[in-house]
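Using the numbering used here, you'd call the opening residue of the sequence shown number 1 and step up by one each time. In this text, a Cβ means the ideal position worked out from N, Cα and C, and glycines have one as well. Only a predicted model underlies this, so the values are computations on that prediction, with no experimental measurement involved. Okay, structure first, notes after.
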Amino acid sequence: MADRTDKVLSVENLVINFRTDHGILKAIRNVSFDLYEGETLCIVGESGSGKSVTSKAIMGILANNAIIENGSILYRGENLLEVSEEEFCKIRGHRIGMVFQDPLSALNPTVKIGKQITEAMLIHSDKLKTMYNDLISDDLIRYRNTLARMNIAISTERKKLEALEAEMKSRKALTLAQKAEDKLLLQQKKAAFRAFERETRAKYAEEAKRCKAVLAETKKRAKKQVAEYRRKLTGEYREKTRAMRRKLALSSGPEEKVRVKAELAAAREKFEKEVRLTAAEAKAQALQLMKEVGIPEPEKRYSQYPFELSGGMRQRIVIAIALAASPEILICDEPTTALDVTIQSQILELINRIKAERKLSCIFITHDLGVVANMADRVAVMYAGKIVEYGKTEEIFFDPRHPYTWALLASIPDVDSKEKLESIPGTPPDMIRPPKGDAFAPRNPYAMNIDFREEPPFFAITETHSAATWLEDPHAPKMEKPRIVSERIRISLEGAAHE
Ligand SMILES: Nc1ncnc2c1ncn2[C@@H]1O[C@H](COP(=O)(O)OP(=O)(O)O)[C@@H](O)[C@H]1O
Ligand SMILES: [Mg+2]
């Protein structure tokens, strides 16, 4: 598993509600997950489970009636839920790109394809600013990562403490002496945590201070360097045009005036080009991007409108737009749901190829566990606004633990017969009044009494795999997976062994 410092994005304890006419809808109920550099994390779950709300929270495009009750979204050590609007705009669409489910509504119907791509590039158009950002980026990231490491260290310890406290609360039928013992232990742990937090802050404060000082120096130097470069360019430009302007002032004939004016314009254009991305450059880059995402005849498509393209081609354009600002993270929210099956696999292939070529980290959202197998390194299974199982792809497919994951696996159409074997019976819960306990209990044939009463904590299966189901409690009766699921796992494992 990747090292903690390889995290590019970290969602922690996210809680999001919506104000509605019928009451408060609890859409995201304490969601945490990490995205590691270069991996694809799939978020899978039925419609309404909170997948899109999660991705919109990361992009900062939640609806107006959303209330972020709790949590943080750390990107390179910065909490996206706290950064200024201006900073957020820089990150969103710049460092994080998004591909939506419906390509038609993601595109502006009245603007030509080419313009929509070049507009997305404008973020990069100021070359001197880009130069400055490039000069300081290493030190900036080092500084932010220091803060991130500190926050991660502290929050890991805090989580342990919270888990202990929760576990103590859930203990039943304790004697008074045991209760007193627990209380004492908790007090000791709390004191130890406070000491740890103090020490950790002190330890990192040193490093952070050093990084900050280095960053300040680098910024100063970068500013100077950029200013010098600008001065050089402007100097050359002035020098060159001084003679022309004099000529223009002294010139007699109208013919000469026209010629000198043209010379001046050319010099001006050359100067602009060194400072700013020109229209011609933007177009060349857009065509290159269109080629990269597999659009045939990009020149022709460049000046067409979205309606003139097929659904699959439109989705390729949406992907090109997401790539225009060279993001580091790509979020794809059901990017193939609106497309025909044959086109679907082409788009999935394209996303996988681009991800590898550009070394992107990817969050891929789908309701179809069948798609996950081809895309994911790791999987988060979501139900009713929570993650119920989280692990590496092979852990989710070959050793699933939550009955909801079983149900999803059972509902994947069989590769050979192509028929849907079982759809999940029942309906997703009402999120204004979400059920107590395990939200899946009312639809879960394996539900135990406790599932209707108490929320299951996450049980660790391996270091990388955990599931929030009481079935993993050491006291729970041993439950066999449904036959159809174990049968499929057996067949896939045999298939893998023969390969
Ligand atoms: N703007 C909104 N106002 C009220 N409820 C919303 C809003 N957006 C989403 N929801 C609700 O939040 C829950 C999660 O939705 P969503 O994330 O879109 O699900 P999905 O997993 O299908 O993407 C659903 O119950 C949905 O009805
Ligand atoms: Mg959705």
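### Query
For Thr-110, which of Glu-308, Lys-261, Val-44, Lys-189 has the nearest alpha-carbon?
Of the candidates Glu-308, Lys-261, Val-44, Lys-189, the one whose C-alpha sits nearest the C-alpha of Thr-110 is Glu-308.
### Task
Would you please state the rounded distance, in angstroms, between the beta carbons of Met-98 and Ser-55? I believe it to be under 8 Å.
Contact holds; Cβ gap of about 7 Å.
### Query
Should Ala-467 and Tyr-383 be called a contact, given that it needs their Cβ atoms to be closer than 9 Å?
Contact flag unset, no.
### Message
Please tell me whether Val-526 and Glu-389 are closer than 9 Å, where the distance is taken between their beta carbons.
### Response
The displayed coordinates of the chain run from 1 to 499. Any statement about residue 526 would go beyond what the structure contains.
### Query
Should Ser-72 and Val-11 be called a contact, given that it needs their Cβ atoms to be closer than 9 Å?
By the CB criterion at 9 Å, Ser-72 and Val-11 fall inside the cutoff.
### Message
Here's the rule: buried if 16 or more other CB atoms are within 10 angstroms of the residue's CB, otherwise exposed. What is Leu-339?
### Response
Classified as buried, Leu-339 has 16 or more neighbouring CB atoms from the shown chains inside 10 Å of its CB.
### Task
Look at the alpha carbon of Ala-284 and the alpha carbon of Leu-41, and state the distance between them as a whole number of angstroms.
Ala-284 and Leu-41: Cα-Cα distance of roughly 33 Å.
### Query
Is it the case that the CB of Lys-386 approaches a heavy atom of ligand 2 more closely than 8 Å?
Taking the Cβ of Lys-386 as the reference point, every heavy atom of ligand 2 lies at 8 Å or farther away.
### Query
Can we say the region 397 to 406 touches the region 482 to 489, given the rule of at least three CB pairs closer than 8 Å?
Counting Cβ pairs under 8 Å, three or more are found: they touch.
### Task
Output yes or no for whether 9 Å exceeds the beta carbon distance between Val-341 and Ile-319.
No, they are not a contact pair.
### Query
Whose CA, out of Val-258, Ala-66, Leu-323, lies closest to the CA of Ile-24?
Among Val-258, Ala-66, Leu-323, the Cα nearest to that of Ile-24 belongs to Ala-66.
### Query
Using the C-alpha atoms, what's the distance from Met-290 back to Pro-500?
The displayed coordinates of the chain run from 1 to 499. Any statement about residue 500 would go beyond what the structure contains.
### Query
Bridge partners of Gly-97, per DSSP?
DSSP lists Leu-330 as partners of Gly-97.
### Task
State the start and end residues of the unbroken alpha helix (DSSP H) segment that holds Ile-68.
Counting along the chain, Ile-68 sits inside no alpha helix (DSSP H); it lies in the beta strand (DSSP E) bounded by residues 66 to 75.
### Task
Could you check what DSSP says for Tyr-305 in three-state terms: helix, strand or coil?
Residue state for Tyr-305 is assigned as coil, using DSSP reduced to three classes.
#### Entry: DSSP three-state assignment for Phe-364, whether helix, strand or coil
It is a strand residue.
### Message
Would you call the region 124 to 141 in contact with the region 222 to 232, where contact means no fewer than 3 C-beta pairs closer than 8 Å?
### Response
Flag = yes, the region 124 to 141 and the region 222 to 232 touch.
### Delimiting residues of the alpha helix (DSSP H) encompassing Asn-145
127 to 170 is the extent of the alpha helix (DSSP H) around Asn-145.
### Task
Could you have a look at Gly-312 and say whether DSSP puts it in helix, strand or coil?
Three-state result, Gly-312: helix.
### Task
Identify the continuous alpha helix (DSSP H) that holds Thr-218 and give its terminal residues.
Unbroken alpha helix (DSSP H) run through Thr-218: 176 to 250.
### Query
Which stretch, first to last residue, makes up the beta strand (DSSP E) that contains Lys-514?
A question about residue 514 goes unanswered here, because the residues of the chain that appear run from 1 up to 499.
### Query
Would the region 309 to 329 and the region 112 to 122 be scored as touching if the rule is three or more Cβ pairs under 8 Å?
Of all C-beta pairs linking the region 309 to 329 to the region 112 to 122, three or more are shorter than 8 Å, placing the two stretches in contact.
### Query
How would you label Ser-361, buried or exposed, when you count the other beta carbons within 10 angstroms and need 16 or more for buried?
If you draw a 10 Å sphere on the C-beta of Ser-361, you find 16 or more other C-beta atoms in it, and that means buried.
### Message
Residues in the same chain with beta-carbon distance under 8 Å from Lys-212, minus the five sequence neighbours each way, listed in chain order, please.
### Response
Cβ-Cβ distances below 8 Å link Lys-212 to Tyr-143 in the same chain, with the five nearest sequence neighbours on each side left out; the list follows chain order.
#### Entry: C-beta contact flag for Leu-350 and Val-371 at 9 Å
No.
### Integer Cβ distance of Pro-456 from Trp-470, believed to fall under 8 Å
That pair is a contact at about 5 Å.
### Message
Quick check on DSSP: helix, strand or coil for Arg-433?
### Response
Three-state result, Arg-433: coil.
### Under the three-state DSSP convention, the category Phe-459 falls into
Annotated three-state conformation of Phe-459 is strand, per DSSP.
### Task
Whole angstroms is fine: what's the gap from Ala-267's alpha carbon to Leu-128's?
So the alpha carbons of these two residues sit roughly 19 Å apart.
### Message
What would DSSP say about Phe-581, mapped onto helix, strand or coil?
### Response
Past the edges of the chain, shown from 1 to 499, lies residue 581, and the structure says nothing about it.
### Query
Is the beta carbon of Ile-365 within less than 8 Å of some heavy atom of ligand 1?
Answer for Ile-365: yes, Cβ within range of ligand 1.
### Task
Give me whichever residues DSSP pairs with Phe-440 in a beta bridge.
Note: Phe-440 sits in no beta bridge, so no partner.
### Expected contact under 8 Å - CB spacing of Met-59 and Ala-324 to nearest Å
Not really, about 16 Å apart at Cβ, beyond 8 Å.
### Message
Using the Cβ count rule (16 or more neighbours within 10 Å means buried), how would you classify Asn-108?
### Response
Around the C-beta of Asn-108, fewer than 16 other C-beta atoms lie within 10 Å, and the residue is accordingly described as exposed.
### Query
For the region 294 to 301 against the region 271 to 281, are there 3 or more C-beta pairs whose distance is under 8 Å?
No: fewer than three Cβ pairs fall under 8 Å.
### Message
Whole angstroms are fine: how far does the CA of Ala-356 sit from the CA of Phe-196?
### Response
Annotation: Phe-196 to Ala-356 spans about 40 Å, alpha carbon to alpha carbon.
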